[in-house]
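Visitor: Counting with my numbering, you get residues 1046 to 1410 for the letters of the sequence shown.
All C-beta atoms in this analysis are idealised placements derived from N, C-alpha and C, irrespective of residue type, glycine included.
If you scroll down you'll find the structure; I have some questions about it.
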Amino acid sequence: MRQSKLLFQSTCNFLNKQKTFRYKKTSYFSQHSAFYCLKTAEGPKVLVTRKLFDPALRKIREAFPAVQLDVWPDEQTPIPRNVFLEKVSSGVDGIICMLSDKVDSELLKHSPKNKLKVVSTMSVGFNHIDLETCRQHKIKVGNTPDVLTETTADLVVGLTLATCRRFREAISSVEQGKWGSWSPYWLCGVDVHHSKVGIIGFGRIGQAVARRFLGFDCQILYNSRTEKTVGKKMGASFVDLDTLLRESDIVIPQCLLSEETRNMFNLEAFKKMKPSAIFINASRGEVVDQEALYQALKQGLIRAAGLDVCVPEPLPPSHPLLSLPNCTILPHIGSASTSTREKMSYMCVENLIAGLENQSLPYPV
1046 MRQSKLLFQS TCNFLNKQKT FRYKKTSYFS QHSAFYCLKT AEGPKVLVTR
1096 KLFDPALRKI REAFPAVQLD VWPDEQTPIP RNVFLEKVSS GVDGIICMLS
1146 DKVDSELLKH SPKNKLKVVS TMSVGFNHID LETCRQHKIK VGNTPDVLTE
1196 TTADLVVGLT LATCRRFREA ISSVEQGKWG SWSPYWLCGV DVHHSKVGII
1246 GFGRIGQAVA RRFLGFDCQI LYNSRTEKTV GKKMGASFVD LDTLLRESDI
1296 VIPQCLLSEE TRNMFNLEAF KKMKPSAIFI NASRGEVVDQ EALYQALKQG
1346 LIRAAGLDVC VPEPLPPSHP LLSLPNCTIL PHIGSASTST REKMSYMCVE
1396 NLIAGLENQS LPYPV
């Protein structure tokens, strides 16, 4: 009897490691007669709020063959809020979400007690997640840092070129049949090369942006909490914010969103900039007071602006900024290269798997 019991338990343990079955100790007939029975495992329940790269989804199934994987099928449209709440209420062990999905206290309260273990966002930013409530409920949170640094820096430079050289107006002129004979000053913009570029926030992306502008023979000014050794090595000048705003030809915030940086680019800040200055933002939409930016562009306080981030997103077609020819707006495509998005998919899946296995996340917030 004892040998049979041990053999059966060993078999169950082996199958449990394969994540196919689990064993459950059950008493039959009397408290003194314990037997072990096999029970088919109910895999973790995972909600993915947007269709991911297929090989990344396969990684989840490989890790948990019995996983109950619920993937929102629409690649273009975010999962509706009411559907999101309903699915979380049904009880999920893990969530893979996007920047467009608010994982706030309301949603977390809909989760059955101690059910949700991990929230993995396919983004660097995590302002859409209520971290404090997650901590209170011991829910692990992961993001996808570093992988999009170079791709985003490429976008910043591209947006700067498009804004300085008036790509939006030029493309519109071609499409609307307004391309007439050559004129010496038609659609003239400003040069990027030899400009003085001011970067607010000198982390990974800020440094990557600076390296690229050095290739245009630009002078780099930067402002951050502390002076950076890497800044000295590349010949960048560490200055206070007022000096940066006053002297820069191109102003680029690359800072994190905090209460200190929220709406830091208000009307007062734009008034400190040159009338010829170009403002580029691909960091966080909330660092800009958009009404102030509209007034600054309309009144000629600055020359032009290029944005890859806005508030809200998507920006309504009726928004005043879209009526201005000197404002180039992109639909938040900073990390939108195929290889980068594939890497981000894998990273958020790695976070999810680790969280479901009660392990430390490889990319924790």
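Can the beta-carbon of Leu1152 be found less than 9 Å from the beta-carbon of Val1133?
Guide: yes
Visitor: Does the distance from the C-beta atom of Gly1280 to that of Gln1252 stay below 9 Å?
Guide: no
Visitor: Between Pro1157, Asp1138, Ala1101, which lies nearest to Met1167 when the distance is taken from Cα to Cα?
Guide: For Met1167, the nearest C-alpha among the options comes from Ala1101.
Visitor: At which residue ranges does the stretch 1289-1352 contain complete alpha helix (DSSP H) runs of 4 or more residues, listed in the order of the chain?
Guide: 1312-1317, 1335-1344
Visitor: Using C-beta distances below 7 Å, list every residue in its chain close to Leu1406, excluding the 5 sequence neighbours before and after it, in chain order.
Guide: Lys1185, Gly1187, Asn1396, Ala1399, Gly1400
Visitor: Excluding the 5 residues preceding and the 5 following Ser1293 in the sequence, name in chain order all residues of the same chain whose CB lies nearer than 7 Å to its CB.
Guide: Non-local C-beta neighbours of Ser1293 in its own chain, meaning closer than 7 Å and more than five positions away in sequence, comprise Lys1241, Val1242, Gly1243, Leu1266, Ala1322, ordered along the chain.
Visitor: Closest to Gly1203 by CA distance: which of Leu1161, Pro1190, Arg1257, Lys1183 is it?
Guide: Minimum Cα distance to Gly1203 is reached at Arg1257.
Visitor: According to DSSP, which residues form a beta bridge with Pro1409?
Guide: Gly1187
Visitor: How would you label Val1219, buried or exposed, when you count the other beta carbons within 10 angstroms and need 16 or more for buried?
Guide: Counting every other CB atom within 10 Å of its CB across the protein chains shown gives Val1219 a total below 16, marking it as exposed.
Visitor: So the candidates are Ser1303, Ala1314, Asn1403; which of them puts its Cα closest to the Cα of Arg1291?
Guide: Ala1314
Visitor: Our contact map puts Gly1136 next to Val1112 with C-beta atoms below 8 Å; I'd like the distance itself, whole angstroms only.
Guide: With 8 Å as the limit, Gly1136 and Val1112 do not qualify as a contact, their Cβ atoms being about 14 Å apart.
Visitor: Look up Thr1274 in the DSSP assignment and say whether it is helix, strand or coil.
Guide: DSSP places Thr1274 in the helix class (H, G or I) of the three-state scheme.
Visitor: What's the gap between the Cα of Lys1096 and the Cα of Leu1232?
Guide: 41 Å
Visitor: Ile1124 to Ala1207, Cα distance in whole Å?
Guide: Rounded to the nearest whole angstrom, the C-alpha separation of Ile1124 and Ala1207 is 33 Å.
Visitor: Pick from Val1356, Asp1334, Cys1372: whose alpha carbon is nearest that of Gly1345?
Guide: Cys1372
Visitor: Beta-carbon separation of Gly1248 and Leu1176 under 9 Å?
Guide: Not closer than 9 Å, so no.
Visitor: Just to confirm the assignment, what range does the alpha helix (DSSP H) spanning Ser1218 have?
Guide: Unbroken alpha helix (DSSP H) run through Ser1218: 1212-1220.
Visitor: If contacts are defined as beta-carbon pairs under 8 Å, then Leu1352 and Ile1374 qualify, I think. What distance do you get, rounded to the angstrom?
Guide: 5 Å
Visitor: How many Å lie between Thr1094 and Leu1366 at the Cα?
Guide: CA-to-CA, the gap between Thr1094 and Leu1366 works out to about 30 Å.
Visitor: Could you compute how far the alpha carbon of Phe1419 sits from the alpha carbon of Trp1227?
Guide: What is shown of the chain runs 1046 to 1410, which leaves residue 1419 out entirely.
Visitor: Which first and last residues belong to the alpha helix (DSSP H) in which Cys1393 is found?
Guide: Run containing Cys1393: 1383-1401, per the alpha helix (DSSP H) assignment.
Visitor: Can you grab the Cα-Cα spacing for the pair Asp1334 / Ala1327, in whole Å?
Guide: 14 Å
Visitor: Between Ser1145, Ala1349, Arg1106, Ile1295, which lies nearest to Leu1360 when the distance is taken from Cα to Cα?
Guide: With distances taken between Cα atoms, Leu1360 lies closest to Ser1145.
Visitor: With a Cβ-Cβ cutoff of 9 Å, do Ser1156 and His1182 count as a contact?
Guide: yes
Visitor: Could you tell me whether the Cβ of Ile1265 comes closer than 9 Å to any Cβ of chain B?
Guide: Considering every chain present, this structure includes no chain B. It has just one protein chain.
Visitor: What number of angstroms, rounded off, separates the C-alpha of Gly1238 from the C-alpha of Val1394?
Guide: Correcting the residue identity first, residue 1238 is His in this sequence and not Gly. C-alpha separation (whole angstroms): 41 Å.
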